[in-house]
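J.:
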Amino acid sequence: TMYGLLLEGLRNFVKENYGEDMWHFLVRKANLEVKSFSTHEVYSETIIPRMVDTASKNLNIDAETLIYANGAYFVSYLSQFGYDGIMRVLGRNLRDFLNGLDNLHEYLRMSYKKLKPPSFFCMNESSTGITLQYRTRRQGYTPYVQGMITEIGKIFYQTKITITIISLEETSEMTNCIMRLHFSNLGFKKLQDDFPVRSEVFFEVFPFNIVFNRGLVISEVGDGMLNALPDIVGKMVNEAFLLNRPMIPFTWDAVMLHTNNVFEIMAIQKMDEKDLEAIRLLMEEKKRKGSSGGTSQENYKKSLSSISGALRLRGQMKYMEGWDAIVFLGTPQLQDVDTMQKAGLFVNDLSMHDSSRDMVLAGEQQQAELKLALQQQEEKSKRFQEALKKLDEERKRSDELLYQMIPKQVADKIRTDGSSANTCSTFEDATVQFSDVCGFKDIANLITPTQVVALLNTIYACFDELTEKHRVYKVETVNDVYMVASGIPTVTKYHAAIMAEMAMEMVAAVASIVD
């Protein structure tokens with residue numbers, strides 16, 4: 001599934017570049033049941049590929065070109081929702097922005113709880129650009145990412161970016177793309193010697209840090225971590241914790257390759273028996289089918305996210321050259337006081353130098369406010385969906401009235417081309433029938449005007465059903481004269497025979513009308 005934000009971005013992209021009528025035309029061609037989307041609702045992931053394929057065929061534009069243009073457009077579209085603010089402050093320059101792409105998705109996950117974002121990693125960097133690794137569980141979105149990155153460089157950093165695809169591997173489980181971003185990397189500079197900090201100060205500033213060596217053995221932890229997990233020192237970090245994010249194996253080499261990413265880990269010791277059993281079965285399945293890709297990362301992360309009582313920490317993995325070890329600089333993810341109590345922590349265990357304490361104490365009030373805001377948003381979304389449904393019904397009524405005045409094929413062509421002159425066609429042969437009611441004037445003199453109208457309505461209702469049955473086109477009705485044509489606009493060599501059958505059934509239908 002995917003959120004409606006992406007789908008609404010596609011809808012607005014088509015509307016702004018090709019018109020609203022083209023969007024409705026493509027929706028009909030793609031056989032979609034919905035024509036607009038709610039940004040916070042989830043929809044099928046097949047919608048965008050279907051729409052892109054349909055648009056590519058009907059607009060005569062290469063699919064990758066469309067996807068690239070849609071990705072570039074999506075950057076400005078996000079500004080309508082206020083996301084341009086976070087994108088502007090994510091990095092002082094382009095290289096900092098690229099290094100913090102995963103942090104942007106972490107920010108979006110606050111609003112989109114079911115978001116399963118891609119992963120970005122800057123593999124190497126120079127003054128002429130950056131080599132970026134892009135990984136996602138979706139296929140076909142590499143041009144989309146290229147368009148977004150190029151547009152972000154142009155809008156927010158006034159930087160022209162040229163992208164070269166180095167390698168691209170797509171499977172049913174994962175897309176792995178290595179791309180080189182060529183640009184003037186003004187933010188690149190060699191690291192300078194840091195001001196030395198004593199270890200006791202370091203551990204006081206980061207009470208929830210974890211230090212582990214190349215063998216993944218935990219050698220030191222901060223005081224806060226020691227209070228929460230007293231016997232954690234000496235254990236294997238990948239056995240004491242589960243790695244929830246990023247989507248990599250919990251090994252030394254994998255962590256070293258992704259030190260720019262935000263890491264999220266969960267303490268196994270704080271899980272109850274039910275959660276532990278579920279994790280044990282999942283890990284066994286992953287080990288058994290890991291080589292063949294039988295267990296998906298999506299299912300793995302879904303299982304982890306369903307665990308409510310575990311101690312979660314989020315932070316950075318930092319290699320300490322002097323220690324030849326990696327230190328995890330983490331912060332507990334505590335939503336409220338109840339979460340803190342389940343984790344076995346107290347307020348004084350949290351760092352004074354970050355917002356951990358404030359977030360926990362404010363969580364109670366924020367949770368109530370967010371719940372109320374969510375309910376209000378859901379009510380607005382429901383009313384909006386009802387309005388869209390009514391609009392769709394009115395559009396259908398409008399279509400029915402339009403099709404009564406002009407042929408359906410002609411009406412659809414006018415909507416697509418936008419010009420009535422392009423709908424003109426020449427037909428070599430066709431059959432036209434004129435019919436009128438015998439003695440209509442005499443009949444009209446004997447009955448009231450209301451009865452005359454009722455009589456004509458009854459007759460024409462019968463005739464209209466026959467036009468649908470024989471697929472002929474009703475040209476017009478004047479008084480008691482009924483004019484129909486066969487062979488236009490739908491060409492058929494049997495137009496004369498069809499019209500003859502139509503005429504015979506019209507006579508029979510009129511004879512059955514009760515005076």
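For what it's worth, UniProt numbering labels the leading residue of the sequence shown as 1, then goes sequentially.
In this text, a Cβ means the ideal position worked out from N, Cα and C, and glycines have one as well.
(1) On a Cα-Cα basis, can you pick out the residue from ASN209, GLU394 and GLY487 that is closest to THR426?
(2) Alpha helix (DSSP H) containing MET499: first to last residue?
(3) On the DSSP bridge list, what partners appear for LEU313?
(4) Classify VAL475 as helix, strand or coil using the three-state DSSP reduction.
(5) Between MET504 and ALA485, what straight-line distance do the alpha-carbon atoms span, to the nearest angstrom?
(6) Look at the Cβ atom of ALA267, then the Cβ atom of ALA310, and state whether they are nearer than 8 angstroms.
(7) Quick check on this structure: which residue in PHE37, LYS160 and PHE25 has the alpha carbon closest to the alpha carbon of PHE384?
(8) Buried or exposed, going by whether 16 or more other CB atoms sit within 10 Å of the CB of GLU476?
(9) Using 10 angstroms around the beta-carbon of SER398, count the other beta-carbons present and answer buried if the total reaches 16, otherwise exposed.
(10) Take the Cβ of TRP323 as the centre, count every other Cβ of all protein chains shown within 10 Å, and call the residue buried at 16 or more, exposed below.
(11) Take the Cβ of ARG214 as the centre, count every other Cβ of all protein chains shown within 10 Å, and call the residue buried at 16 or more, exposed below.
(12) Alpha carbon to alpha carbon, what distance is there between GLU264 and TYR157?
(13) Roughly how many angstroms lie between the CA atoms of ILE67 and ILE130, to the nearest whole one?
(14) Can you say whether THR175 is buried or exposed, counting buried as having 16 or more other CB atoms within 10 angstroms of its CB?
(15) Could you please give me the residues that DSSP links to GLN133 through a beta bridge?
(16) Quick check on LEU191: does DSSP put it in helix, strand or coil?
(17) Just checking, does the region 489-504 make contact with the region 463-471 on the three C-beta pairs under 8 angstroms criterion?
(18) Taking just the CA atoms, how far does GLN409 sit from THR39?
(19) If we count the other Cβ atoms within 10 Å of its Cβ and call it buried at 16 or more, is ASP102 buried or exposed?
(20) Out of ALA55, SER119, GLU151 and THR431, state which residue places its alpha-carbon closest to the alpha-carbon of ASN31.
(21) Compare the Cα-Cα distances from THR431 to each of GLU393, SER381, CYS177 and THR490 and report the closest residue.
(22) In its own chain, which residues sit with a C-beta less than 7 angstroms from the C-beta of ALA511, not counting the 5 before and 5 after it?
(23) Within the present structure, is the beta-carbon of ILE67 separated from the nearest heavy atom of the ligand FAD by less than 7 angstroms?
(24) Considering only C-alpha positions, which residue in the set ARG88, TYR73, GLY91 and TYR141 is nearest to GLU169?
(25) Please report the distance separating the alpha-carbon of ASN479 from that of THR448.
(26) When you compare the region 77-84 with the region 42-57, are there three or more beta-carbon pairs, one atom per stretch, that lie closer than 8 angstroms?
(27) To which residues of the same chain is PHE203 closer than 8 angstroms at the C-beta, ignoring the five residues directly before and after it?
(28) Could you spell out where the beta strand (DSSP E) holding VAL484 opens and where it closes?
(29) Counting only the same chain and skipping the five closest in sequence on each side, list residues whose C-beta sits under 8 angstroms from that of ASN238.
(30) Would ALA72 pass as a contact of THR150 if the rule is Cβ separation under 8 angstroms?
(31) Label LEU242 either buried or exposed according to how many other C-beta atoms from any shown protein chain fall within 10 Å of its C-beta, with 16 as the threshold for buried.
(32) Between the C-alpha atoms of LEU269 and GLY234, what's the straight-line distance to the nearest angstrom?
(33) Residues in the same chain with beta-carbon distance under 7 angstroms from LEU10, minus the five sequence neighbours each way, listed in chain order, please.
(34) Ends of the alpha helix (DSSP H) at VAL221?
T.: The relevant details are as follows:
(1) Measuring from the Cα of THR426, the nearest candidate turns out to be GLY487.
(2) Per DSSP, MET499 belongs to the alpha helix (DSSP H) from 495-511.
(3) LEU313 pairs with ILE265 and PRO332.
(4) Note: VAL475 maps to strand in three-state DSSP.
(5) So the two alpha carbons sit approximately 15 angstroms from each other.
(6) Going by C-beta atoms, ALA267 is nearer than 8 angstroms to ALA310.
(7) For PHE384, the closest alpha carbon among the candidates PHE37, LYS160 and PHE25 is that of PHE37.
(8) Residue environment analysis places GLU476 among the exposed positions, since fewer than 16 neighbouring C-beta atoms fall within 10 angstroms of its C-beta.
(9) With fewer than 16 other Cβ atoms within 10 Å, it is exposed.
(10) So TRP323 ends up on the exposed side.
(11) So ARG214 counts as exposed.
(12) Going by the C-alpha atoms only, they are around 30 angstroms apart.
(13) ILE67 and ILE130: Cα-Cα distance of roughly 23 angstroms.
(14) THR175 sits buried, since 16 or more C-beta atoms from the chains shown fall within 10 Å of its C-beta.
(15) Residue pairing by DSSP puts GLN133 in a beta bridge opposite PHE121 and ILE178.
(16) With a pLDDT of only 48 at LEU191, under the threshold of 50, the placement of this residue in the model should not be trusted, and no figure is reported.
(17) Per the Cβ contact rule, the region 489-504 is in contact with the region 463-471 (3 or more Cβ pairs under 8 angstroms).
(18) C-alpha separation (whole angstroms): 34 angstroms.
(19) ASP102 should be labelled buried.
(20) For ASN31, the nearest C-alpha among the options comes from ALA55.
(21) Selected option, being the one with the closest Cα: THR490.
(22) Within the same chain, ALA511 has no close Cβ partners at all.
(23) The ligand FAD is not among the ligands present in this structure, which contains no ligands whatsoever.
(24) The shortest C-alpha to C-alpha distance from GLU169 to any of ARG88, TYR73, GLY91 and TYR141 is the one to TYR141.
(25) Cα to Cα, the separation comes out at about 15 angstroms.
(26) Three or more beta-carbon pairs separated by less than 8 angstroms are not found between the region 77-84 and the region 42-57, which leaves the two stretches without contact.
(27) Once the five neighbours on either side are set aside, the close Cβ partners of PHE203 are ASN209, GLU220, GLY222 and ASP223.
(28) From DSSP, the beta strand (DSSP E) with VAL484 extends over 481-486.
(29) Here the set comprises LEU216, PHE250 and THR251.
(30) For the pair ALA72 and THR150, the CB atoms are nearer than the 8 angstroms cut-off.
(31) Using a 10 angstroms sphere on the CB of LEU242, the tally of other CB atoms reaches 16 or more, which defines it as buried.
(32) Checking the sequence shown, residue 269 turns out to be Gln, not Leu. Each residue's Cα considered, the two are about 14 angstroms apart.
(33) For LEU10, where only same-chain residues beyond five positions count, the Cβ hits under 7 angstroms are ILE48, MET51 and ASN70.
(34) Segment 218-221 is the beta strand (DSSP E) holding VAL221; no alpha helix (DSSP H) there.
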